[in-house]
Structure formats: C-alpha cells, structure tokens
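See structure below.
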Amino acid sequence: MSDSTLAASRGRAGERTLPGFGRAALPAVTPLDPGVLDALAAELAALLGADAVLRDASARLSASTDWAHMSPVLAPLLPGGIADVVIRPPDAAGIAAAVGAAHRHLVPVTVRGQGTGNYGQGIPLFGGLVIDTTAASRILAVEDGWLTAEAGASFVLMEKAALATGQELAILPSTVGSTVAGFIAGGSGGTGSIANGAIWDGYLRSLLVVPCTDDATPVDVPFPDNTAMAHAFGVNGVIAQATVALRPARRWTGLFASFPALAGAVAAGEELFDLEPTPRLLSLDEAGIIATYRPVDPAMPADRVSVRGIVTEDSIAAATAVVERHGGRVDAVRPKGPAHIASLSYNHTTYRVRKVRPELTHLQCMGPGLTRRRAEVAALAPESLVHLEGFLTANGRDWVSMLFLRYDGPDDLYERMARLADVEVFVDDPHTWELHHGRLDLVREAAARFDPDGLLNPGKLPPPPGCS
C-alpha cells in the first residue's frame, strides 16, 4: 500500500486548498480494435521479446488492480478497467520502447510498479497497455547525497545500497517493497517526512521521463520542474528512472510510549518533533485503534494512547524525559523496532483497522481540529478514531491524520467530509482515483508537453475548471 496523499492537496506540503470532493465514476469506454491490439503486441514482442508480452486473462487482471478495494466507495466500482496487453520491460530503455510502440498504435498506457496504491491510480480505466516496471530494477549509482535507480527498483534494495555507503534514503514509503517510480507517481511522503517533508520538497534531483510520442525519447527533468510528476499518477510522462535524496545514515531504534489521554500524547509528540536528531517517524494512535492491532503487543497497551517513534539511540534519554513530562511512560525501547513501527504507519493502519472493524472507513486529513477540537470531531463523526503522523509542512512540523469513522454509504460520508471543515479538519479525499490536489496546473502543463494525445492513464486527470 502506498503512502497517503495526506499533504497532496497543498501547493507545498501543508498549504491547504479545499478539494471539490468530486466522486470517482467509471467512464464510458469503447473497446479497442482487436486488430490494433494484435499489432501492438506483435511490435512489443519484436522489440522486447515474446516472453515480456502478456495477454492471458490472469496476467491482465493482476496488472489492473491495486489496493483500492480498501475504500468502500471504490470497491463496488472494481475492477474499474482491465488491461488488454501487459508488457514487462527489462530496463529503462525498454520502458521507453514500450511507450513509443503504444503511441504509434494510439493505445492508452498505464504504468505500474508493485500495485500498492490505494486510490485506483494504477487501474487502466480505458484498458490498453499496462507497463509493469518491476523488472527494470537496477540501482544505477549511489553518490554523496543522491541515489539513481530504474523505475522498478524497490526501496528495500535502494536502502540497502545507500547503507553500504553510510547513507540512507531521505524519504521512503511504509511499504518498502514499493517501486521508486510508483512511489513518486502515487505517493507523497512517509518515513523521513518529519525532517524532509513531501517528495516534491527537494527529494527529486532528476527524473528521466519518457514522453508518449512516436519516438519516445527520454528527457531528463530536473528539480523543481520534476515536481509536476510527483503524485500525478503517471498522466504527464512515464518515469523511467529517478535520482532521489539521501541523508547520512543514523543508528535508529524504536521507542514505544503510551499516555492516559490524547492531550498529553499530542503535546509530547509535538515536542518530540523537535528532538535532535529529528525522528525518522512519529505515529500516534488512539486506544480504539490499538485495540484492532494483531498480535497484541505489550508495548502498546490497548487502553492507552500510543506514541511510537523511530529515534536515534543517543536521543532515547531526551525522548523519555519528554514523554514523562507530559504524563506518559516509555513501555519499550527496541533496537529492531523501526521496521515494526513503520508497518503501523500511514495506510498500513487503515488495512489493520478495517481488517478487524470492516464497518469503518478512512479519511485523510489535516488541521488543528484533529487534536484541538476532538470532541467536536466526535460529534460530527461518532465512533471515530484518530491516527496521527508527524510531517514537515510549509508551516513547520505538524500532524497529518487518518480519521476512521463508520461508513453509512457514500452520501453520508461525503456530507461528513464537507462538514468536518467547520471544525478545522480538512479532508483530502482518499475515495477517488481522480487527481484533486493544489498542483494540478503544473500537472496539466507537463501533460501537454509529455502526453500531447492524452494516452497516459486517461480518466485520472480532470479537465481544467470550466472545461468538459
């Protein structure tokens, strides 16, 4: 599961723009001409080998799904579209070759990594060609402060390569098996975002982007122009390789603390934001969320608010003092705890909660009402539960949230989403595959350059306001 778009509705992380809450809808689709698809498959086989081209029903369905089924709004619409042809290029050059072939036949193109997205961003709504990038997985270079990898490289391999040079990734998703291009195209932040913000905040030095044209010659797109491709679902160019930021490696450990009430946990967490060195991850769960976690962990008592941090070994004493000053206690310090803590962050929490309490759904939120007006939030969303993550925003370090609430149908849910703004909780809709963040002008400009015929992941980029 890819990390949420918790900050993606802002021009930069933390800058708020009100979303329009446009609901996902399946488009009317005219099936592609079988002769055109046969011709495309034949060209792809000639370019990349017959074994790289997949057309059986199982492979096509597998390449057309992600974790959108976690949304009770999207699940009834699934499968939202099925690939007609799947190609698995072996490298970045093969990705470019596949894009060029698709354009020559005017076939829609959807690009995917491991399919860990949560919003249907990798579902080919118009069918066509799905490019599975997972075979293009080489680490190409590790430099001082930067790592370059092909689109399908996993964060497990990237972090291992960085650590071999005394460095670590500045930001990595909670699903470490995700691919680098998939995270860039579908995610926004994760482990490391308390210090380094979102992926468009200096994480991307350069992207090798393939335009959807006949020649499909890759273009090196530097920062900040490449931020248009961040969280754009691949509608404005195909990422063939990426150069992302590294930081000096630190000796991290897992801190598990608990509190009798939310206020003390929030206050402690906000002080821990400024711990030196900055925590790599800091998560907070109300007791009702902890009660859903399996197996039961004594470091997370089910009747207390949990705060978990990936902190340096040298900062444990200072972190413990902060916890105790705000009425909490440290329940465990685990040198091997960081991986477990990361697995309890972002949309991993959604998966765990809904596995035990399927009557609940999730909203991605920001705003002071989450922590300062909790009773009013509860009045608008009875039985709600709050999960918080520390994040560096444009206004400094703050919380982003997963708010869990009872699902009583889409009409009720969207009404509550709008009303939550009255108590300073601003929702970034996780129940749509349509892009809706505050950087869409940048995305559209890049789409005009890299996808002039609108073949890349159609149905995900809405037209500008006033257009149909």
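Its first residue numbered 1, the sequence shown is counted upward by one per residue in my numbering. For glycine and all other residues, C-beta sits at the position ideal for the given N, C-alpha and C. All figures in this text were calculated on a predicted structure; none of them were measured in a lab.
Chain-order list of residues whose beta-carbon lies under 7 Å from that of Ala8 (same chain, five-residue window excluded): Against the sequence shown, residue 8 aligns to sequence position 8. Because Ala8 sits at a pLDDT of 39, beneath the cut-off of 50, its placement in the model cannot be relied upon, and the point is left open.
Distance between Leu262 and Ala287 (C-alpha atoms, nearest Å): In the sequence shown, residue 287 corresponds to position 287, counting from 1. In the sequence shown, residue 262 corresponds to position 262, counting from 1. If you draw a straight line from the Cα of Ala287 to the Cα of Leu262, it comes to about 9 Å.
Buried or exposed (CB count within 10 angstroms, at least 16 for buried), Arg397: Within the sequence shown, residue 397 is the residue found at index 397, counting from 1. Buried, because 16 or more other Cβ atoms sit within 10 Å of the Cβ of Arg397.
Given 8 Å, three or more beta-carbon pairs between the region 128 to 142 and the region 83 to 90: yes
Enclosing beta strand (DSSP E) for Thr243 [first to last residue]: One-based indexing of the sequence shown puts residue 243 at position 243. Segment 238 to 248, the beta strand (DSSP E) holding Thr243.
Selection from Asp408, Leu380, Leu435, Thr148 that minimises the alpha carbon distance to Arg419: On the sequence shown, residue 419 is found 419 positions in, with the first residue counted as 1. Measuring from the Cα of Arg419, the nearest candidate turns out to be Leu380.
8 Å Cβ cutoff met for Gly80 and Ile139: Residue 80 sits at position 80 when you count from the first residue of the sequence shown. Residue 139 sits at position 139 when you count from the first residue of the sequence shown. For Gly80 and Ile139, no; Cβs fall outside 8 Å.
Contact check, Pro277 vs Thr312, beta carbons under 8 Å: Start at 1 with the first residue of the sequence shown, and residue 277 comes out as number 277. Start at 1 with the first residue of the sequence shown, and residue 312 comes out as number 312. It is a contact, given that the beta carbons lie within the stated cut-off.
Residues bridged to Met402 (per DSSP): Position 402 of the sequence shown, counted from the first residue, corresponds to residue 402. Beta-bridge pairing links Met402 to Gln364, His387.
Among Arg112, Arg334, Pro410, the one whose alpha carbon lies nearest that of Arg251: What you label residue 251 is simply residue 251 of the sequence shown in a count that begins at 1. Looking at the Cα atoms, Arg334 is the closest of the given residues.
Extent of the continuous beta strand (DSSP E) run through Ala96: By 1-based counting over the sequence shown, the position of residue 96 is 96. Per DSSP, Ala96 belongs to no beta strand (DSSP E); it is in the alpha helix (DSSP H), 92 to 104.
4-residue-minimum alpha helix (DSSP H) runs that sit fully inside the region 37 to 78, ordered along the chain: Taking only runs of at least 4 residues, the alpha helix (DSSP H) segments lying wholly in the region 37 to 78 are 57 to 62.
Nearest neighbour of Ile82, chosen from Ala102, Pro295, Val99, Ala59 [CA to CA]: Walking along the sequence shown from the start, residue 82 turns up at place 82. Nearest C-alpha to Ile82: Ala59.
Phe183: first and last residue of the uninterrupted alpha helix (DSSP H) it sits in: Here residue 183 is taken as the residue at index 183 of the sequence shown, counted from 1. Looking at the DSSP string, the run of the alpha helix (DSSP H) that includes Phe183 is 180 to 186.
8 Å Cβ cutoff met for Ala257 and Arg357: Sequence index remark: in the sequence shown, residue 257 carries index 257 (1-based). Sequence index remark: in the sequence shown, residue 357 carries index 357 (1-based). Contact: no.
Where the alpha helix (DSSP H) through Leu157 begins and ends: Along the sequence shown, one-based indexing puts residue 157 at 157. Taken as a continuous stretch (DSSP letters only), the alpha helix (DSSP H) holding Leu157 covers 155 to 163.
Short Cβ contact (8 Å threshold) for Met229 with Val244: For the purposes of this step, residue 229 is identified with residue 229 of the sequence shown, where counting begins at 1. For the purposes of this step, residue 244 is identified with residue 244 of the sequence shown, where counting begins at 1. Not in contact: Met229 and Val244 (Cβ atoms no closer than 8 Å).
Close-in-space but distant-in-sequence residues of the same chain around Gly213 (CB under 6 Å, 5 per side omitted): Mapped onto the sequence shown, residue 213 falls at position 213. Reading off the sequence shown, one finds Thr at residue 213, where the question assumed Gly. Cβ neighbours of Thr213 beyond the five flanking positions: His103.
Simplified DSSP state of Arg397, which is helix, strand or coil: In the sequence shown, residue 397 corresponds to position 397, counting from 1. Of the three classes helix, strand and coil, the one that applies to Arg397 here is strand, per DSSP.
Residue(s) in a DSSP beta bridge with Asp132: Counting from one through the sequence shown, the residue named residue 132 turns up at place 132. Answer by DSSP bridge pairing, in chain order: Arg112.
Rounded distance between the beta-carbons of Gly35 and Asp84, thought under 8 Å: Position 84 of the sequence shown, counted from the first residue, corresponds to residue 84. Position 35 of the sequence shown, counted from the first residue, corresponds to residue 35. Under the criterion of beta carbons closer than 8 Å, Asp84 and Gly35 do not qualify as touching, at roughly 12 Å.
Start and end residues, beta strand (DSSP E) containing Ile310: Here residue 310 is taken as the residue at index 310 of the sequence shown, counted from 1. Taken as a continuous stretch (DSSP letters only), the beta strand (DSSP E) holding Ile310 covers 305 to 312.
Inter-residue CB distance, Tyr48 and Gly94 (contact presumed, cutoff 8 Å): By 1-based counting over the sequence shown, the position of residue 48 is 48. By 1-based counting over the sequence shown, the position of residue 94 is 94. Before going further, note that residue 48 is Leu rather than Tyr in the sequence given. At roughly 5 Å, the Cβ-Cβ gap stays under 8 Å, so Leu48 and Gly94 are in contact.
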